[in-house]
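First residue of the sequence shown? That's 236 in my numbering, and the numbers climb one at a time after it. Don't be surprised by glycine CBs; every beta carbon is placed ideally from N, CA and C. Predicted model, so just to flag it, every value in this text is computed and none were measured. Down below is the structure, laid out as structure tokens.
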Amino acid sequence: MALRHYTLDVSLSTPVDCTSTVHGLLSIFHEQEMTETLHDTEGHGCLATFVGKNGRVVMLRVHSQGLVTIDLQYYDDDNIVQLDNLLNALEKRLKVLLHGNITRIKRLPPLRRGAQVDRYWPTADGRLIEYDIDRVVYEEDSPYQNIKILHSQQFGNILVLNGDINLAESDLAYTQAIMGSGKENYAGKEVLILGGGDGGILAEVVKQKPKMVTMVEIDQKVIDGCKMHMRKTCGNILDNLKGDCYQILVEDCVPVLKKYVHDGKTFDYVINDLTAVPISTEPEEDSTWEFLRLILDLSIKVLRSTGKYFTQGNSVNLTEALSLYEEQLGKLSCPVGFSKEVVCVPSYLELWVFYTVWKK
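This is how it looks when you write it as structure tokens:
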């Protein structure tokens with residue numbers, strides 16, 4: 236069961252008489268057997284609420300600034316045709332009442348509120364996206380995070396960690412970008428993957444016959460969920476923690492990296508798939524920035540002189556956060572150069588920035 240919320244907005248070139256506008260619409264609501272309550276707005280336009288059968292509710296607001304808004308709420312089992320007729324009748328009557336004063340009428344598709352399956356997820360830059368998600372195929376709480384895998388008709392299964400979309404089965408573009416967009420030859424190389432519990436990067440690198448790939452993923456439950464429900468991404472690579480040319484360490488990557496630094500262990504490629512660049516631009520107050528700088532510094536220390544470090548950035552619209560990340564690259568224990576690439580990741584519905592870093 237879910238509630239649907241329709242909105243109808245009518246923008247006006249000049250303010251209108253609030254009382255006459257509301258009264259001009261009353262007969263339409265009465266035909267729908269809805270009763271009204273008029274509210275005192277202390278001179279700030281008019282507000283009326285209407286309640287009908289089946290829990291149907293309408294809020295009509297005539298704003299003194301020159302805007303009329305109508306919000307209609309009803310449950311999924313209500314008569315949709317009747318509700319469409321109500322909105323059509325209101326729109327038609329407003330055109331008559333307001334004559335040539337209307338500059339725009341906008342009716343949005345309904346928001347589904349309170350449904351068991353959440354279809355709404357924000358982009359990194361704060362826009363609300365409605366996905367065609369129809370079911371939850373996996374959900375677990377680990378000691379580290381909430382893990383969901385949701386099914387989308389368009390994008391396939393989608394891994395969502397703590398409310399953030401991480402990767403969909405359609406997102407090979409993400410995996411290719413964080414591996415260097417097909418410009419690198421991993422054959423015979425030693426590779427370190429940080430995170431990557433969905434198995435996508437590991438599966439693609441192994442195809443190129445590397446010498447050895449070590450993947451360090453802290454959350455076994457991410458691996459468990461993805462090997463069952465993200466097989467279009469990972470294939471069978473997560474079925475075993477060790478293979479001919481790879482090993483998966485289910486550990487915190489920080490002590491692993493520190494041990495590699497201590498032992499002098501180095502890699503041809505380090506691929507950081509742990510977290511995006513933080514949206515917050517307050518590095519002294521945000522522990523995520525501290526974590527990011529630590530991982531970055533340790534990763535560069537285990538990178539061979541000819542090696543490359545790959546990572547995601549964030550949405551191309553988050554220019555402040557990306558600039559701050561690039562500043563951090565100038566504060567490492569050794570000088571580095573970097574380049575960046577903008578890639579369209581299908582399920583993100585926004586352009587995403589990826590970085591390549593190397594020692595100078």
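Can you tell me the Cα-Cα spacing of residue i and residue j, whole angstroms?
| i | j | result |
| --- | --- | --- |
| Gly-278 | Cys-253 | 10 Å |
| Asp-406 | Leu-343 | 29 Å |
| Gly-287 | Leu-273 | 15 Å |
| His-258 | Phe-264 | 10 Å |
| Thr-523 | Leu-529 | 10 Å |
| Thr-339 | Ser-255 | First, the amino acid is wrong: residue 339 is Arg here, not Thr. Cα to Cα, the separation comes out at about 20 Å. |
| Cys-281 | Arg-296 | 6 Å |
| His-497 | Leu-533 | 11 Å |
| Gly-434 | Val-251 | 60 Å |
| Tyr-379 | Thr-284 | 45 Å |
| Leu-427 | Lys-494 | 14 Å |
| Lys-327 | Lys-418 | 59 Å |
| Lys-536 | Pro-490 | 14 Å |
| Lys-500 | Tyr-481 | 16 Å |
| Pro-345 | Ser-299 | 26 Å |
| Tyr-421 | Arg-362 | 37 Å |
| Met-269 | Ile-458 | 53 Å |
Taking C-beta to C-beta, are residue i and residue j nearer than 9 Å?
| i | j | result |
| --- | --- | --- |
| Leu-473 | Cys-488 | no |
| Lys-543 | Tyr-504 | yes |
| Val-588 | Gly-572 | no |
| Asp-367 | Arg-354 | yes |
| Asn-552 | Glu-585 | yes |
| Asn-507 | Leu-531 | yes |
| Arg-291 | Leu-302 | no |
| Thr-449 | Phe-390 | no |
| Val-293 | Ile-305 | yes |
| Thr-410 | Glu-439 | yes |
| Ser-377 | Gln-455 | yes |
| Ile-384 | Val-395 | yes |
| Leu-429 | Leu-492 | yes |
In its own chain, which residues sit with a C-beta less than 6 Å from the C-beta of residue i, not counting the 5 before and 5 after it?
| i | result |
| --- | --- |
| Asn-381 | Asn-397 |
| Leu-329 | Val-245 |
| Asn-289 | Asp-313 |
Between residue i and the rest of its own chain, which residues show a CB-CB distance below 7 Å, the 5 nearest in sequence each way excluded?
| i | result |
| --- | --- |
| Pro-570 | Lys-595 |
| Asn-471 | none |
| Gln-388 | Asp-367 and Asp-369 |
| Glu-520 | The predicted model places Glu-520 with a pLDDT of 46, which falls under 50 and marks its position as unreliable; any figure quoted below should be read in that light. Around Glu-520: no qualifying Cβ. |
I'd like the list of long-range same chain contacts for residue i, defined as Cβ closer than 8 Å, with 5 residues on each side in sequence excluded.
| i | result |
| --- | --- |
| Gly-431 | Leu-437, Met-450, Glu-452, Ile-506 and Asp-508 |
| Cys-461 | Ile-384, Leu-394, Gly-432, Asp-433, Gly-434, Thr-468, Cys-469 and Leu-473 |
Can at least three beta-carbon pairs, one atom from the stretch 403-420 and one from the stretch 572-587, be found at a separation below 8 Å?
-> The answer is yes - the stretch 572-587 touches the stretch 403-420, with three or more Cβ pairs under 8 Å.
Can we say the stretch 320-340 touches the stretch 237-244, given the rule of at least three CB pairs closer than 8 Å?
-> At 8 Å Cβ cutoff, the stretches touch.
Determine, using beta-carbon pairs with one atom in the stretch 452-466 and one in the stretch 537-555, whether at least three such pairs fall under 8 Å.
-> Of all C-beta pairs linking the stretch 452-466 to the stretch 537-555, fewer than three are shorter than 8 Å, placing the two stretches out of contact.
At a cut of 8 Å, does the stretch 436-447 reach the stretch 370-386 through at least three beta carbon pairs?
-> Touching, no, given that fewer than three Cβ pairs across the two stretches are closer than 8 Å.
Could you give the uninterrupted runs of the alpha helix (DSSP H) lying entirely in the stretch 244-278, keeping only those of 4 residues or more?
-> For the stretch 244-278, the continuous alpha helix (DSSP H) assignments of 4+ residues that do not extend past its boundaries occur at 253-266, in sequence order.
Secondary structure, alpha helix (DSSP H): runs of 4+ residues fully inside the stretch 443-484 = DSSP runs (the alpha helix (DSSP H)) wholly in the stretch 443-484: 455-464 and 466-469.
Could I get the ranges of all uninterrupted beta strand (DSSP E) runs contained in the stretch 355-384, with 3 residues as the minimum, in chain order?
-> Qualifying beta strand (DSSP E) stretches, in chain order: 355-357, 363-365 and 368-376.
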